[in-house]
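All remarks here apply to the structure that follows.
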Amino acid sequence: MAKEAVFESLKSAIIDGERDKTLAAVDAALKQGIAPADIIEKGMSPGMKEVGEKFARYEIYLPEMMMAAEAWEGAMKVLEPKIMAAGGERKKTGKVVLGTVAGDIHSIGKNIVGAMLKMSGFEVYDLGIDVPASHFVTKAEEVGADVIAASALMSTTMTQQKNIIEHLNARGVRAKYAVLVGGGSTTQDWADQIGADGYGRTAGDAATLAIKAVAKKGGKK
Amino acid sequence: MLSFSEVVYRALNGPICTERDFDLAIFVPNLRKVLQKYDIKYDPQNPIPADDDFADRIWEAAMEFLVATGMFCLDTERRILFTREEIEGALQTGPSGSVYGDGKDARIMPRRYPEDKTPPWCSGCGAGPVSKEEYVINIVKTYAEDALSDGITAPCITNVDGLPVQAGSPTAIEGAIRTIILTREGLRRAGRPGLAVVNEVASAIKAAEHIAGHRFGDPKVDHLEIGLIHELKIDLDALNKIMYTQSLNNLTFAENGVIIGGYAGGPAGVAVVTAAYNPVDMLVVRGAAQHPFIVPIEKGTTSRRDCIWARAAGLQALSRHSPLPAVGSGYSSAGPMTKMSYYEFAAWVIANVVSGGSCEMGVPYRGVLIDHCGPMEDIFANGIAHAVAGMSRKEANKIVLALLAKYEDKIPDPPTGKPYPEYYDTTARPNKECIALYREMRKEMSDEFGLKFRKTSPYG
Chain A
1 MAKEAVFESL KSAIIDGERD KTLAAVDAAL KQGIAPADII EKGMSPGMKE VGEKFARYEI
61 YLPEMMMAAE AWEGAMKVLE PKIMAAGGER KKTGKVVLGT VAGDIHSIGK NIVGAMLKMS
121 GFEVYDLGID VPASHFVTKA EEVGADVIAA SALMSTTMTQ QKNIIEHLNA RGVRAKYAVL
181 VGGGSTTQDW ADQIGADGYG RTAGDAATLA IKAVAKKGGK K
Chain B
1001 MLSFSEVVYR ALNGPICTER DFDLAIFVPN LRKVLQKYDI KYDPQNPIPA DDDFADRIWE
1061 AAMEFLVATG MFCLDTERRI LFTREEIEGA LQTGPSGSVY GDGKDARIMP RRYPEDKTPP
1121 WCSGCGAGPV SKEEYVINIV KTYAEDALSD GITAPCITNV DGLPVQAGSP TAIEGAIRTI
1181 ILTREGLRRA GRPGLAVVNE VASAIKAAEH IAGHRFGDPK VDHLEIGLIH ELKIDLDALN
1241 KIMYTQSLNN LTFAENGVII GGYAGGPAGV AVVTAAYNPV DMLVVRGAAQ HPFIVPIEKG
1301 TTSRRDCIWA RAAGLQALSR HSPLPAVGSG YSSAGPMTKM SYYEFAAWVI ANVVSGGSCE
1361 MGVPYRGVLI DHCGPMEDIF ANGIAHAVAG MSRKEANKIV LALLAKYEDK IPDPPTGKPY
1421 PEYYDTTARP NKECIALYRE MRKEMSDEFG LKFRKTSPYG
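Going down the list, the sequences are from chains A and B. With the first letter of the first sequence counted as 1, position 76 gets the number 76 in this note's numbering; the numbers rise by one all the way through. With the first letter of the second sequence counted as 1, position 99 gets the number 1099 in this note's numbering; the numbers rise by one all the way through.
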């Protein structure tokens, strides 16, 4: 199969959110001798980009985003070891620790943010829902994150976003992480009030803010 | 109807499943299958559909989807499944015509149908987050002074003596207790102590917070609102609330806000899932009313065209087939004291009422800005709801299209309006500017759309 056709099959498998189809396309591409980095950059990444664009236009929704992200992650589990074995390094935009704050069980917005961050090349550590403030910090320290992204839907749970920043200060590590906040009840004023580094009014804002935050830190990983 | 103990048994012993598999391997494919089978499609040109066959197809799609999918209990990671016979059993024996409130403030929660002349239930008060306790009293008092107000949703206290209310902490317990005490005082001052409080603590999340608030209200008259988790999920804390309310014959508002852009996908899927929640609200939440609202994943306003369509389509489906009344709620994108918020309230309330629903009047500016809430839009919406009872869906569709033209393009960047202290005076009443705007908007609705209002509030 011509390389272009291979890249096209990778792209459409990602857009379709078909994990098995993506893995089969990756396997076929590797057998053809296509470099793992090219499989990612020329085949898979354009697919993820299109998924993000379709979501922004409301042509697809959360399920498609999550399945595309799963297909991506499945393929990366195959490709990253090969890149490292060849002495290379996968260019990641950065690392994000993500979660819904303590007392809050809403996950949909967080899940969309997670998918969009992955599409932008971030390594995402999703802690889930009802996550105590300290757990965000502990995980960020453990993985060497760049960004902590905390979601809160309710007015009575958004105070936990402030708690995260206080925990960072208490451990003397505030300067190491950009803290981004979002969720139904949050506003820019709230983010400013608590000293967060960014506020995402929409899920799409999260990736943009995270990219800016990493660039400000002075390096892509 | 299936007993609640059987529901609990299923939550603890049903088939094991991961959340991911429930969402992506069960919920989504099952929904897509029925959307295709029953040809359910969103029509943006007609935000209020007027096709009974279409409504019936949505209902059939919803029932088939619910039987195949069931619910998911987050804490036990098990599915709660129902047979079609069990669902039909609930529909045959479910609550209807419940009486809320007491004495001369007692009101029947009506079952309604599309284009029904039956006056809709109207509750609300503009229940957003407030910074001061006296605002709760005054906001509730003003709304309760409108004779069309059938019930109250309490505003949210955001702090207890300056300490922010934090879910799961003693501040949330104290906040819940104060909320109901203040709300009852507002009703007493309005001369309507028997009015039902239908979401006695809007800010409460945990069972302990709800129960604490309820203990300090009037258990005969005050009711919990119990919400499920997006989509078709529940946790043990919600089941705990239900176990409590069951013992008190509580007339629970069973809340479900299906998200456009979430697992239900676009407006068509959202309409089907909204209808599917109706029997769930009887079987699991043991509600006396379904309390649906539809929001997009971004920006949280309910007045977008696709939200209005999904609301109307879903309500028509369930109202034609279920005895359980649906009291739809809403959020405007614009803040209070703006013409835009009035247009938005009018649009979704009209869609609600002509589609067979009743209304909880909701909050301006998506309820996210402290003190950017208040009762006047809700009182206005009471009037709209009663003015359109009996209107045809076709006629209502024309009005909603005209309203959308006035505000739709401003939704991405709406005006924030004024905070409550800037439009209330020192006598705890709306000030002249506020009353003038309220009257101007009523006149506009009347002049432009022929809506007839009655003088039921002190403000005309």
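Don't be surprised by glycine CBs; every beta carbon is placed ideally from N, CA and C.
Who are the Cβ neighbours of residue i in its own chain at under 8 Å, not counting the five residues just before and after it?
i	result
A1202(B)	A1127, T1153, A1154, P1155, C1156, T1179 and E1225
I1234(B)	A1011, M1071, F1072, C1073, L1074, I1080, L1228 and V1284
R174(A)	I165 and L168
G1266(B)	Y1042, I1260 and D1306
V1130(B)	V1136, I1139, P1155, C1156, I1157, T1158, I1370, D1371, C1373 and Y1420
I1058(B)	Y1038, I1040, A1271, V1272, A1275, A1313, G1314, Q1316 and A1317
A158(A)	According to the sequence shown, residue 158(A) is Met rather than Ala. Excluding sequence neighbours, M158(A) sits near V101, A152, V181, G183, S185, T186 and W190.
Would you report the Cα separation of residue i and residue j, rounded to the nearest angstrom?
i	j	result
R1439(B)	S1446(B)	10 Å
L1055(B)	G128(A)	According to the sequence provided, residue 1055(B) is Ala. The question's Leu does not apply to it. Rounded to whole angstroms, A1055(B) to G128(A) spans 37 Å at the Cα level.
R972(B)	A1351(B)	Outside the shown range of chain B (1001 to 1460) lies residue 972(B), about which nothing can therefore be said.
P1119(B)	C1017(B)	44 Å
G33(A)	M1(A)	12 Å
N111(A)	Y1459(B)	46 Å
T1427(B)	M66(A)	53 Å
E1200(B)	P1292(B)	17 Å
E1077(B)	D1021(B)	10 Å
D1102(B)	G1194(B)	5 Å
I39(A)	A1204(B)	50 Å
G198(A)	V1280(B)	39 Å
A1385(B)	A71(A)	48 Å
A1172(B)	K176(A)	32 Å
Sorted by chain position, which residues of the same chain lie with C-beta nearer than 7 Å to residue i's C-beta, five sequence neighbours on each side aside?
i	result
N1397(B)	N1046, P1047, I1048 and A1050
As a quick exercise: from the options, pick the residue whose alpha carbon is nearest that of residue i.
i	options	result
A1196(B)	R1442(B), S1098(B), D1409(B) and A1313(B)	S1098(B)
Y1342(B)	E1086(B), I1026(B), L1404(B) and L1002(B)	L1404(B)
M44(A)	K11(A), I83(A) and S107(A)	K11(A)
Y943(B)	C1373(B), V1295(B) and V1327(B)	Because chain B here runs from 1001 to 1460, residue 943(B) falls outside it and cannot be looked at.
Y1249(B)	K1220(B), R1454(B), G1266(B) and V1272(B)	Checking the sequence, you will find Asn at residue 1249(B) rather than Tyr. Measuring from the Cα of N1249(B), the nearest candidate turns out to be K1220(B).
E4(A)	G17(A), E73(A), A25(A) and E18(A)	A25(A)
P1015(B)	A1381(B), A1068(B) and S1005(B)	A1068(B)
F55(A)	E1395(B), T1456(B), E1298(B) and N1382(B)	E1298(B)
G204(A)	R19(A), G52(A) and K95(A)	G52(A)
Q1036(B)	A1061(B), D1053(B), N1013(B) and F1027(B)	A1061(B)
E1448(B)	T1416(B), V1400(B), M1337(B) and N1030(B)	V1400(B)
E64(A)	M1391(B), E1086(B), Y1263(B) and R1189(B)	Y1263(B)
A1347(B)	E1064(B), L1232(B) and K1406(B)	K1406(B)
A1208(B)	G1175(B), D1378(B), M1282(B) and R1189(B)	G1175(B)
Just mark residue i as buried or exposed, buried being the case when its beta carbon has 16 or more other beta carbons within 10 Å.
i	result
P1044(B)	exposed
R1111(B)	buried
A1147(B)	exposed
S1123(B)	buried
R1192(B)	buried
A1436(B)	exposed
M84(A)	exposed
L1163(B)	exposed
N1278(B)	buried
K42(A)	buried
D192(A)	exposed
R1454(B)	exposed
E1006(B)	exposed
R1393(B)	buried
Y1009(B)	exposed
R1184(B)	buried
Excluding sequence positions up to five away, which residues of its chain have a Cβ less than 6 Å from the Cβ of residue i?
i	result
G47(A)	K11, I14 and I15
S1333(B)	T1301, I1411 and P1414
A207(A)	M116, L117 and S120
L1091(B)	S1322
L1451(B)	A1387 and M1445
R1084(B)	V1067
A1310(B)	P1267, V1270, A1271 and I1294
S1096(B)	R1111 and P1323
P1170(B)	none
A68(A)	I14, G17 and V51
A29(A)	V6 and I39
Is residue i close to the ligand ATP? I mean its beta-carbon at under 7 Å from any heavy atom of the ligand.
i	result
I1297(B)	This structure does not include the ligand ATP; it has no bound ligands of any sort.
Segment contact, 8 Å Cβ cut-off, at least three pairs: the region 1212-1221 of chain B with the region 1327-1345 of chain B | No: the two stretches stay apart, fewer than three of their Cβ pairs being nearer than 8 Å.
Using 8 Å as the threshold, is the region 143-155 of chain A in touch with the region 174-185 of chain A, meaning 3 or more CB pairs across them?
-> Result yes; three or more Cβ-Cβ pairs closer than 8 Å.
Specify whether the region 1350-1366 of chain B and the region 1325-1338 of chain B touch according to this definition: at least 3 beta carbon pairs, one from each stretch, less than 8 Å apart.
-> The region 1350-1366 of chain B is in contact with the region 1325-1338 of chain B.
Any 3 or more C-beta pairs closer than 8 Å across the region 1286-1296 of chain B and the region 1237-1255 of chain B = Segments in contact, yes.
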